[in-house]
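Inspection log for the structure reproduced underneath, given as structure tokens.
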Amino acid sequence: NAGVTQTPKFQVLKTGQSMTLQCAQDMNHNSMYWYRQDPGMGLRLIYYSASEGTTDKGEVPNGYNVSRLNKREFSLRLESAAPSQTSVYFCASSGGASGGWTQETQYFGPGTRLLVL
Amino acid sequence: QKEVEQDPGPLSVPEGAIVSLNCTYSNSAFQYFMWYRQYSRKGPELLMYTYSSGNKEDGRFTAQVDKSSKYISLFIRDSQPSDSATYLCAMSAFDTGTASKLTFGTGTRLQVTL
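Taken in order, these protein sequences are the chains called A and B.
Each number in this note's numbering comes from the position in the first sequence (counting from 1) with 1 added on.
Each number in this note's numbering comes from the position in the second sequence (counting from 1) with 146 added on.
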């Protein structure tokens, strides 16, 4: 099992450019998440998908869009990148609405480092 | 004030020392408590989880929750250089039927020296 995979690993963008970050999981999890991690700020939730076909805003959704393509894949799109979106982006997944630890424990991918100039 | 507070460190200890990492929180609804380990330039890795109050032990690691004080701890015995990483606490107020909603601490950077 690869767990949670993310592509690309590293990307440099110019202000105003767009890009899509890809995430896939092979653990048959229902729920998927996108976070950004900045020094001193910790992990902040951007968007999440509780189950296939649903998406919801997290703490910092402005400037981002998401698509839950199928049960395995959850993408994050920056339509017009800004320097403030320079960060490390992590995708995570969890078992979903089956209760208990299956629902609550999240498993993370290796991250995408994004630099916006 | 943040819901979860964690000292950022860095915390530097000699090999073999006992390490204590801590988080405090303000939301009394939190029931699930987790510790993640994050190596440099890697994703967070789930290390331990506990429910409500009490202790849980796994090898050299012990997780402790004191809900009355809103305080959680992770103890590492016989620390090794390979334990050098950033440790993130995370917690949630379980809500049946939805995705998990974890609140993370900012992480404590640990350096174990030879």
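Think of the CB as a built atom: it goes at the ideal place given N, C-alpha and C, for glycine as much as any other residue.
Residue closest to residue i, alpha-carbon to alpha-carbon, out of the options
i        : options                                   : result
A:TYR90  : A:THR113, A:SER76, A:GLU105 and A:GLY43   : A:THR113
A:ASN63  : A:ILE47, A:GLN104, A:THR55 and A:LEU118   : A:ILE47
B:TYR182 : B:LEU248, B:GLN226, B:THR259 and B:GLN257 : B:LEU248
A:GLU127 : B:MET237, B:SER186 and B:LEU193           : Because chain A in this structure spans residues 2 to 118, residue 127 of chain A falls outside the shown range and cannot be described.
A:TYR49  : B:SER166, B:CYS169 and B:ALA245           : B:ALA245
A:VAL13  : A:ASN66, A:PRO84 and A:TRP102             : A:PRO84
A:LYS72  : A:SER52, A:LYS58 and A:ASP57              : A:SER52
A:THR87  : A:GLY110, A:TYR65, A:THR56 and A:TYR34    : A:TYR65
Residues near residue i by beta carbon distance below 8 angstroms, same chain, minus five either side
i        : result
A:TYR108 : GLY4, VAL5, GLN26, MET28, HIS30, ALA93, SER94 and SER95
B:PRO154 : THR252, GLY253, THR254 and ARG255
Range covered by the beta strand (DSSP E) that runs through residue i
i        : result
A:SER76  : 75 to 79
B:ILE218 : 217 to 222
A:GLY96  : It is not in any beta strand (DSSP E) - A:GLY96 carries neither H nor E in the DSSP assignment.
A:ASP39  : 32 to 39
B:PRO94  : Chain B is shown from 147 up to 260; residue 94 of chain B falls before or after that span and cannot be answered.
A:ALA25  : 20 to 26
B:ALA239 : First-last for B:ALA239: undefined, no H or E at that position.
A:ARG69  : 65 to 69
B:SER166 : 165 to 171
A:PHE11  : 11 to 14
B:ASN201 : 200 to 204
B:PHE207 : 207 to 212
B:GLN152 : 150 to 152
A:SER50  : 43 to 50
B:ALA187 : Residue 187 of chain B is actually Arg in this sequence, not Ala. Neither: B:ARG187 is in no beta strand (DSSP E) and is coded neither H nor E.
B:LEU256 : 254 to 259
CB-CB length for residue i against residue j, believed under 8 angstroms
i        : j        : result
A:ARG78  : A:SER19  : 7 angstroms
B:LEU193 : B:PHE176 : The Cβ separation is near 18 angstroms, so there is no contact.
B:SER178 : B:PHE240 : Strictly speaking, residue 178 of chain B in this sequence is Tyr, with Ser absent from that position. So it is a contact: roughly 6 angstroms between Cβ atoms.
Heavy atom of the ligand NAD within 7 angstroms of residue i beta-carbon
i       : result
A:MET42 : Ligands in the displayed structure: none, and consequently the ligand NAD is not present.
Proximal residues to residue i (C-beta, below 6 angstroms), its chain only, five neighbours per side dropped
i        : result
A:LEU118 : LYS15
A:GLU74  : ALA25
A:GLN23  : THR8 and SER76
B:LEU167 : LEU220, TYR233 and THR254
B:ALA163 : SER225
Close-in-space but distant-in-sequence residues of the same chain around residue i (CB under 7 angstroms, 5 per side omitted)
i        : result
B:VAL150 : CYS169, TYR171, CYS235, MET237, THR249, PHE250 and GLY251
A:GLU60  : ARG45 and LEU46
B:GLN226 : GLU161 and VAL258
A:GLY17  : SER81 and ALA82
In chain order, what residues of the stretch 194 to 216 of chain B put their CB closer than 7 angstroms to some CB of chain A? Listed by position along the chain: TYR195.
Between the stretch 180 to 192 of chain B and chain A, which residues of the former have a C-beta closer than 9 angstroms to a C-beta of the latter? Of all residues in the stretch 180 to 192 of chain B, only MET180, TYR182, GLN184, ARG187, LYS188, GLY189, PRO190, GLU191 and LEU192 come within less than 9 angstroms of chain A when Cβ atoms are compared, listed by chain position.
Selection of the stretch 8 to 19 of chain A by Cβ proximity to chain B, strictly under 9 angstroms: Listed by position along the chain: nothing, the set is empty.
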